[in-house]
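J.: In order, the protein sequences belong to chains A and B.
Taking the numbering used here, the leading residue of the first sequence gets 1, the next gets one more, and so forth.
Taking the numbering used here, the leading residue of the second sequence gets 146, the next gets one more, and so forth.
For every residue, glycine included, the Cβ atom is placed at its ideal position computed from N, Cα and C.
Handing you this structure, nothing more for now.
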Amino acid sequence: MDTLSPTGRRLRVAITLLAAALLLAGTAWGSDDDFPFGPFRMYAGVNGPNEDAPDPRVDGTDTTGAVVALTERSSGLRRAEIEAHQAEYEADPALLAPVAEAYRTRNPGAPKLVEVRLVVRWHEIRSSRPTGRYRDETVATWRAP
Amino acid sequence: MAGTVSARLVAWLTEAVPRGRVAAFRTVVYLFVALDLVVFTPWVRPHGDLSTDLYHPLLIGRILPLPAPTKPLVEIVFWLLLVLSLAAASGRAPRALGWTVFALYFEWMVIAMSYGKVDHDRFAFLVALAVLPTAGRARHGDPTPTQRGGWALRVTQIAVVATYFLASWAKLRYGGPGWMTGSVLARAILRRGTDLADLIAPIPFVLIAAQVGIMTFELLSPLIFVLKSRARYLAVAFFYSFHWLTIALITISFAPHQVALLSFLPLEKVRPLLWVRGKASALGLGQRAGGRTPGEPVPVPGDPAVGGPGEREHRAALQQPADWAPRPAAAPE
């Protein structure tokens, strides 16, 4: 049997305790910024049983007038990454310009985008389940100069 | 009294496992790194196409500090990680390759998570990558018990359970007990649900029951450590079924976490190469005397047929518990 030396054992116990302490502190007081010791807050939000659900997306219009869905594949940005900065985009729509730039980098042959819109589809929820009804709201629009 | 309790905890923390289990886990973990780059988390590499203005580094990226992810940097990390993780999966140079893969994968994770969204399916996998370099050399099929390897697997298990248990704390911290009767699952299904999820979501109370169920199993998850083998494997099966149901409903895979979950299982019993060779020799597809691994049954004219006493003895020798010491091999019949 391959046995640990007393030093090896002590070191491993110490590392385990340190990591556990960091993780507990992260869960109690930390935030996502403290990755990997931040809280495990996947789906931990407060959502009331009759609160409509936002479903944001980014759409673009190119020079031919076609509407382009700016997804993770076409722009390189995940939907959650856009959503994290939604308030900033609403306050300053010019911040959507890099999304158009990212689309151009990843799709060099495609017509350029003349407009980028952040659109939120609000799904109606009653008694903690969807009703099937929704409405769209455009919260930020950037137009190419 | 306290001394005995802490001594037992330390013994539990460093309980030995067969080296073959470490070898198997190591191979799966490093192969997964390669698959993660290309299949499971392919959206990281396109971050190199984005302006570095969009890179808001996590705390660790600011403290170290880590360089801003330009396209050349992202490509270099990608290719190095791909090549080195495949090399590490061979089991060679476990420390040199293991530490390098950990460092590169950690940087890859910072590149992934510094654009506004931090994922929470990685902690146990990162722990596995961090501790595997300390587990020592290990060959597939080697029954020698190792405490180094035992600690590595045990802390990975603890990280897996912490992911569930502390997730329930986070729900209570951010959502309160009202989380269970709220609309979190309805939201998730609306944003990324499958057709199956769309069928289930409108049924009264199903989603609420699911939310209560999730909170319950997360809070109870540490109990897996007091369960004995069969019950423990059932608990692991339950965890896997939860993740597969999640995939079927909202396409979230938690794949790295599912790999770390393998740390609970007797992986040394899974020997795909031996099974293939055994099938091949049973079909009479040629058997070279020098071409077998130690412990592998070799049919010889005059041996008992498959399922006879000789074969059972061999199989028992491959599946000894952790505290079994190797004995001299029996004389060939």
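Report the rounded CA-to-CA distance for A/Thr-105 versus A/Leu-113, giving the unit in angstroms.
T.: Taking the straight line joining both Cα atoms gives about 12 Å.
J.: Going straight from the alpha carbon of B/Ile-353 to that of B/Leu-368, what length do you get?
T.: 24 Å
J.: Can you give me the start and stop residues for the alpha helix (DSSP H) that B/Val-276 sits inside?
T.: 268-276
J.: Among B/Pro-163, B/Lys-414, B/Val-155, B/Leu-428, which residue has its Cα nearest to the Cα of B/Pro-288?
T.: Comparing Cα positions, the closest option is B/Pro-163.
J.: List the residues that DSSP assigns as beta-bridge partners of A/Arg-129.
T.: A/Arg-126
J.: Compute the Euclidean distance between the alpha carbons of B/Leu-229 and B/Ala-315, then round it to the nearest angstrom.
T.: 35 Å
J.: Can you tell me which of the three DSSP states B/Asp-287 falls into?
T.: The answer is coil: DSSP assigns B/Asp-287 none of H, G, I, E or B.
J.: For the beta strand (DSSP E) that A/Asp-59 lies in, which residues bound it at each end?
T.: Unbroken beta strand (DSSP E) run through A/Asp-59: 53-62.
J.: Rounded to whole angstroms, what's the CA-CA distance from A/Ala-110 to A/Val-120? Just pull it up for me.
T.: 25 Å
J.: So, at 7 Å on beta carbons, what are the nonlocal neighbours of A/Pro-93 in its own chain, with the 5 sequence-adjacent residues on each side left out?
T.: Ala-140, Thr-141, Trp-142
J.: Between the alpha carbons of B/Arg-240 and B/Trp-157, how many angstroms are there, rounded?
T.: The alpha-carbon separation between B/Arg-240 and B/Trp-157 amounts to approximately 24 Å.
J.: From the beta carbon of A/Glu-72, is the nearest beta carbon of chain B less than 7 Å away?
T.: yes
J.: For B/Ser-374, count neighbouring Cβ atoms within 10 angstroms of its own Cβ and tell me buried if that reaches 16, exposed if not.
T.: exposed
J.: Quick check on the burial criterion: 16 or more other C-beta atoms within 10 angstroms. Buried or exposed for A/Arg-78?
T.: A/Arg-78 comes out buried.
J.: Which residue's Cα is closest to the Cα of B/Leu-209: B/Trp-296, B/Lys-414, B/Phe-251, B/Thr-396?
T.: Put simply, of B/Trp-296, B/Lys-414, B/Phe-251, B/Thr-396 the residue whose alpha carbon is nearest the alpha carbon of B/Leu-209 is B/Phe-251.
J.: Report the residue from B/Leu-406, B/Gly-261, B/Thr-172 whose alpha carbon sits nearest the alpha carbon of A/Asp-33.
T.: Scanning B/Leu-406, B/Gly-261, B/Thr-172 for the CA closest to the CA of A/Asp-33 turns up B/Gly-261.
J.: Residues of the stretch 314-333 of chain B in Cβ contact with chain A at a cutoff of 9 Å, in chain order, please.
T.: From the stretch 314-333 of chain B, only Trp-314, Ala-315, Lys-316, Leu-317, Arg-318, Tyr-319, Gly-320, Gly-321, Gly-323, Trp-324, Thr-326, Gly-327, Ser-328, Val-329, Leu-330, Ala-331, Arg-332, Ala-333 have a Cβ closer than 9 Å to chain A.
J.: Check whether the Cβ of B/Ala-213 lies closer than 7 Å to any Cβ atom in chain A.
T.: no
J.: For B/Trp-244, decide whether its Cβ has a neighbour in chain A, counting only Cβ atoms nearer than 7 Å.
T.: B/Trp-244 does not count as touching chain A.
J.: For the ligand NAD, any of its heavy atoms closer than 6 Å to the Cβ of B/Trp-420?
T.: The ligand NAD is not part of the structure shown, which contains no ligands of any sort.
J.: Using the three-state DSSP reduction, which class does B/Arg-332 fall into: helix, strand or coil?
T.: helix
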